[in-house]
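Novice:
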Amino acid sequence: MDDPKYLIVETDALPDIYIKVIRAKEMLELGEVSTVNEAVERTGISRSAFYKYRDAVRPFRELYGDQIATFQFSLRDQPGVLSSVLNIFARNGGNILTINQGLSVNGRAVATISAETSQLVAGVDDLLEKLEAVYGVLSSQIIG
């Protein structure tokens, strides 16, 4: 059998079934539902579709889930903002590997944080959502 080949495709270009299978898998992993039956019922797909695609589709982050994620932030230049960001990582199981913060320009500083993500309480997307809610975080993104 040939080695699997992967593509990176924007979710908007995918048929809904793939997105629903990924959502059903996430619901099971996060404990939102306890059975496949519940997951497929809530996402509106059949059990056969779930089983057909469950091993073939996954979020990009899952391919490298036990490795390193690099986040970039634009932070308000105020005392404690970076500390608040680091506390979110700590409370959610992120292991900080590197921090690089540039000098402030016009009241903003860019910070890049690399973290090992295999011990996260929830997924990387959930962590990013929590980080974006921190007062003083003007923007955030995963860059690697």
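If you read the sequence shown in my numbering, its first letter stands for residue 35, the second for the next number, and so on. Beta carbons: idealized from backbone N, C-alpha and C, even for Gly. This structure is a prediction, so every number in the text was calculated from the model and none was measured.
Cα-Cα, which of Gly141, Ser148 and Ala143 is closest to Leu131?
Specialist: Nearest option by C-alpha distance: Ser148.
Novice: Taking the beta strand (DSSP E) that Arg57 belongs to, which residues open and close that run?
Specialist: That residue, Arg57, is in no beta strand (DSSP E); its alpha helix (DSSP H) goes Asp50 to Leu64.
Novice: Taking Cβ to Cβ, would you say Val115 is nearer than 9 Å to Val168?
Specialist: Taking 9 Å as the Cβ cut-off, Val115 and Val168 qualify as a contacting pair.
Novice: Check whether the stretch 109–128 touches the stretch 155–167, taking contact to mean three or more Cβ pairs, one atom from each stretch, closer than 8 Å.
Specialist: With a cut-off of 8 Å, the stretch 155–167 and the stretch 109–128 count as touching, because enough Cβ pairs lie within range.
Novice: Alpha carbon to alpha carbon, what distance is there between Asn134 and Glu150?
Specialist: Rounded to the nearest angstrom, the two C-alpha atoms are 16 Å apart.
Novice: Tell me the rounded alpha-carbon separation between Glu44 and Pro93.
Specialist: C-alpha separation (whole angstroms): 11 Å.
Novice: Going by the CB atoms, is the gap between Ile176 and Thr69 shorter than 9 Å?
Specialist: The answer is no: Cβ separation not under 9 Å.
Novice: Indicate whether Gly157 and Ile102 have their beta-carbon atoms separated by less than 9 Å.
Specialist: No. Outside cutoff.
Novice: Does the distance from the CB of Ser152 to the CB of Leu165 come in under 9 Å?
Specialist: Not in contact: Ser152 and Leu165 (Cβ atoms no closer than 9 Å).
Novice: Can you grab the Cα-Cα spacing for the pair Leu137 / Leu120, in whole Å?
Specialist: Using only the alpha carbons, I get a separation of about 18 Å.
Novice: Buried or exposed: Lys54, going by 16 or more other Cβ atoms within 10 Å of its Cβ?
Specialist: That one is buried.
Novice: What's the gap between the Cα of Glu75 and the Cα of Lys59?
Specialist: Between Glu75 and Lys59, the C-alpha separation is close to 12 Å.
Novice: Give the secondary structure of Ala73 by DSSP, where H, G and I count as helix, E and B as strand, and everything else as coil.
Specialist: If DSSP states are grouped into helix, strand and coil, Ala73 belongs with the helices.
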